[in-house]
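Q: The structure under discussion is supplied below as structure tokens; questions concerning it will follow.
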Amino acid sequence: MREDTARPTRTAALHLAADEARRAPSILNTQPWRWQVHDDALDLHADPARQLGAVDPQGRLLTVSCGAALHHARVALAAAGYEPVVERRPDPASPSLLARVRAGLPRPAGEDDRITYEAMLRRRTDRRRFGSPVPVAAEVLSALRAAAEAEHARLHRLRPGEVEYLGYAAQGAHVLDAKDEGRVAEQRAWTHRGPDSADGMAGDAVPAPDDRPVPLRDFALGGEATLDPGPGDEGNVEYLAVVTDDDGAGDWLAAGEATSAVWLAAVAHGLAASPLSDVVEIPGARALLGSLVQPAGHPQLVLRVGVDPDPVPPPASPRRPASDVIDGGDATR
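Right, dumping it as structure tokens:
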């Protein structure tokens, strides 16, 4: 966060935005994006080499992940004192080019910019139980809905009876998951990372499966899961489906931006969160989830949010070095 008198140049601000966007969440922490920094623009590319061919054959969750990175870049650019100007999918001949970001008119970063930027710095994926007796306040849920709508998506809050069906969808997805050797092998490759890995997931990031209304995917897959799942029965957890009206690449990108916006708004309101992607990866599970959404739409992801009574956050997920994901640009200019 910079005062107006210390505003970086546009090129430096774009480089900073790409650097901060490395914090974005992604499917199995694959971080499937690349940035190209030019003097006057920042290009976001999907990285097809990091697509999960078995888990995500359409590239939907890859694009959702890139959308989250795009929103993170916008947050960083606004905090640096520039209006983010975004052209989404600017070149039909280059399908990997998902967005072009420019630093627009200089403007002082406002209080909302500061709050969102600081939430981005604190954000973690928290898969522990949210056992607080305090429910998520109605006004906070309204703020989360507004954050999604600002990104051309919407949130569907699953009511208690619908959460039961979400649990069925997750259970069914896990059964089918375990029978698909390609999916198991791919998930194992990304969730059995060593302590020095810059991507994927290690045992200290996931708790062992336990009894929950919506069961957690077994990320450990027989390996060691060392994260303490925490106490409580998750009675005050909210499950929020990120929904779009259509289901094309542009909608997936918008869903990623909305996911980031909702997640950062949740953090700013003192909530913890984690995504559930297994319920949209398996077609049958996604269809069951879609049948719960009103008005009708296409669920792209589910966010699990709640008040976390543990003041100590879970470990941060590893991140690839900037040199691996950012090309070009001179951060000093």
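Take any residue in the sequence shown, note its place counting from 1, add 440, and you have its number in the numbering used here. C-beta atoms are modelled at their ideal positions from N, C-alpha and C, and glycine is treated no differently. Small disclaimer: the values here were computed from a predicted structure and weren't measured.
1. Within this structure, are the beta carbons of L584 and L680 separated by less than 8 Å?
2. Can you tell me which of A645, R514, D644 and A629 puts its alpha carbon nearest to the alpha carbon of Q491?
3. Report the residue ranges of all beta strand (DSSP E) runs contained in full by the region 486 to 548; include only those spanning at least 3 residues, in chain order.
4. In the DSSP assignment, find the unbroken beta strand (DSSP E) run with R597 in it and report its ends.
5. If you compare alpha carbons, which of L693, H478 and R652 is closest to P671?
6. In three-state DSSP terms, what is E678?
7. Decide yes or no for the touch test of the region 563 to 579 against the region 618 to 628: beta carbon pairs closer than 8 Å, at least 3 of them.
8. Could you check whether I722 and L616 sit closer than 8 Å to each other, using their CB atoms as the reference points?
9. Going along the chain, which residues of its own chain have a beta-carbon closer than 8 Å to the beta-carbon of T772, five neighbours each way excluded?
10. Considering only residues of the same chain and omitting the five flanking positions on each side of D650, which have a CB-CB separation below 8 Å?
11. Do you know offhand how far V646's Cα is from L545's?
12. By the DSSP assignment, the beta strand (DSSP E) with R585 in it spans what residues?
13. Where does E551 land, buried or exposed, given buried means 16+ other C-beta within 10 angstroms?
14. Roughly how many whole angstroms lie between the Cα atoms of Q476 and A533?
15. Check whether the region 738 to 754 and the region 553 to 568 touch, using three or more Cβ-Cβ pairs below 8 Å as the test.
16. Assuming G730 contacts G612 under a Cβ cut-off of 8 Å, what Cβ separation, rounded to an integer in Å, is found between them?
17. Could you tell me the boundaries of the beta strand (DSSP E) in which G712 lies?
18. Helix, strand or coil: which one does DSSP assign to R474?
19. Assuming contact is defined by CB atoms lying nearer than 8 Å, are L741 and A695 in contact in what I supplied?
20. Quick check on DSSP: helix, strand or coil for D767?
21. Closest to G640 by CA distance: which of V541, D687 and S757 is it?
22. Exposed or buried, what is Q471 when buried is set at 16 or more other beta-carbons lying within 10 Å of its beta-carbon?
23. So, R564 versus P754, is the Cβ gap smaller than 8 Å?
24. Assuming L741 is part of the beta strand (DSSP E), what are its boundary residues?
25. Quick one, which of D686, E558, T699 and R463 has its alpha-carbon nearest P735's?
26. Provide the residue span of the alpha helix (DSSP H) that contains R462, from first to last.
27. For V702, does the three-state DSSP call read helix, strand or coil?
28. Give the straight-line distance between the Cα atoms of E589 and V580, rounded to the nearest whole angstrom.
29. With respect to the alpha helix (DSSP H) encompassing Q734, which residues constitute its N-terminal and C-terminal limits?
30. Is it buried or exposed, H547, if we count other Cβ atoms within 10 angstroms and call 16 or more buried?
31. Hey, how far is the Cα of E443 from the Cα of A518?
32. Taking Cβ to Cβ, would you say V765 is nearer than 8 Å to R462?
33. Could you pull out every residue in the same chain whose Cβ sits closer than 8 Å to the Cβ of R447, ignoring the five residues on either side in sequence?
34. What residue does the alpha helix (DSSP H) around D552 start on, and which one ends it?
A: Per the coordinate set shown:
1. As a working note, residue 584 is residue 144 in the sequence shown. As a working note, residue 680 is residue 240 in the sequence shown. Yes.
2. In the sequence shown, the residue the question calls residue 491 occupies position 51. Looking only at A645, R514, D644 and A629, the smallest Cα-Cα distance to Q491 is reached by A629.
3. 522 to 528 and 537 to 546
4. Position 157 of the sequence shown, counted from the start, is the residue given in the question as residue 597. Taken as a continuous stretch (DSSP letters only), the beta strand (DSSP E) holding R597 covers R594 to R597.
5. Taking the first residue of the sequence shown as 1, we reach residue 671 at position 231. Here the closest residue by C-alpha is R652.
6. On the sequence shown, residue 678 is found 238 positions in, with the first residue counted as 1. Three-state result, E678: strand.
7. no
8. Within the sequence shown, the letter at position 176 stands for residue 616. Within the sequence shown, the letter at position 282 stands for residue 722. Yes, the Cβ-Cβ distance between L616 and I722 is below 8 Å.
9. On the sequence shown, position 332 is the one that residue 772 refers to. Any reading at T772 must be qualified, since the residue scores a pLDDT of 42, below 50, and its modelled position is unreliable; no value is offered.
10. Residue numbering aside, residue 650 sits at position 210 when the sequence shown is read from its first letter. So the list reads R569, L656 and P669, once near-sequence residues are dropped.
11. Here the question's residue 646 lines up with position 206 in the sequence shown. Here the question's residue 545 lines up with position 105 in the sequence shown. In a straight line, the C-alpha of V646 is about 42 Å away from that of L545.
12. Numbered from 1 along the sequence shown, position 145 holds the residue referred to as residue 585. Element bounds for R585: not the beta strand (DSSP E) but the alpha helix (DSSP H), A578 to E589.
13. The sequence position of residue 551 within the sequence shown is 111, counting from 1. So E551 counts as exposed.
14. Here the question's residue 476 lines up with position 36 in the sequence shown. Here the question's residue 533 lines up with position 93 in the sequence shown. Rounded to whole angstroms, Q476 to A533 spans 17 Å at the Cα level.
15. yes
16. Here residue 730 refers to the residue found at position 290 when the sequence shown is read from its first residue. Here residue 612 refers to the residue found at position 172 when the sequence shown is read from its first residue. Not a contact, Cβ separation roughly 14 Å.
17. Start at 1 with the first residue of the sequence shown, and residue 712 comes out as number 272. As written in the sequence, residue 712 is Ala, which differs from the Gly given in the question. Note, A712: beta strand (DSSP E), A712 to L716.
18. By 1-based counting over the sequence shown, the position of residue 474 is 34. Residue state, collapsed to three classes: strand.
19. Sequence index remark: in the sequence shown, residue 741 carries index 301 (1-based). Sequence index remark: in the sequence shown, residue 695 carries index 255 (1-based). Going by C-beta atoms, L741 is nearer than 8 Å to A695.
20. Counting from 1 along the sequence shown, the entry for residue 767 is found at position 327. Of the three classes helix, strand and coil, the one that applies to D767 here is strand, per DSSP.
21. As a first step, residue 640 is located in the sequence shown; it is residue number 200 there, counting from the start. Among V541, D687 and S757, the Cα nearest to that of G640 belongs to S757.
22. In the sequence shown, the residue the question calls residue 471 occupies position 31. With 16 or more neighbouring CB atoms inside 10 Å of its own CB, Q471 falls in the buried class.
23. For the purposes of this step, residue 564 is taken as residue 124 along the sequence shown, with counting starting at 1. For the purposes of this step, residue 754 is taken as residue 314 along the sequence shown, with counting starting at 1. It is a contact, given that the beta carbons lie within the stated cut-off.
24. Residue 741 sits at position 301 when you count from the first residue of the sequence shown. Looking at the DSSP string, the run of the beta strand (DSSP E) that includes L741 is H738 to G746.
25. To locate residue 735, count along the sequence shown from 1; it is residue 295. Out of D686, E558, T699 and R463, D686 has the C-alpha closest to the C-alpha of P735.
26. Within the sequence shown, numbered from 1, the residue matching residue 462 stands at position 22. Segment: none, R462 is in no alpha helix (DSSP H) and carries neither H nor E.
27. One-based indexing of the sequence shown puts residue 702 at position 262. DSSP places V702 in helix when its eight states are reduced to three.
28. The count along the sequence shown starts at 1 and reaches residue 589 at position 149. The count along the sequence shown starts at 1 and reaches residue 580 at position 140. About 14 Å.
29. Locating residue 734 in the sequence shown gives position 294, counting from the first residue. Unbroken run through Q734: none, as it is neither H nor E.
30. To locate residue 547, count along the sequence shown from 1; it is residue 107. According to the sequence as given, residue 547 is Arg; it is not His. With fewer than 16 other Cβ atoms within 10 Å, it is exposed.
31. Stepping through the sequence shown from its first residue, residue 443 is reached at position 3. Stepping through the sequence shown from its first residue, residue 518 is reached at position 78. At E443 the pLDDT is 45, less than 50, meaning the model places this residue with poor confidence and gives no usable figure here.
32. Counting from one through the sequence shown, the residue named residue 765 turns up at place 325. Counting from one through the sequence shown, the residue named residue 462 turns up at place 22. The answer is yes: Cβ separation under 8 Å.
33. Locating residue 447 in the sequence shown gives position 7, counting from the first residue. Once the five neighbours on either side are set aside, the close Cβ partners of R447 are A453, A520, G521, Y522 and P546.
34. Sequence index remark: in the sequence shown, residue 552 carries index 112 (1-based). That run of the alpha helix (DSSP H) goes E551 to R562.
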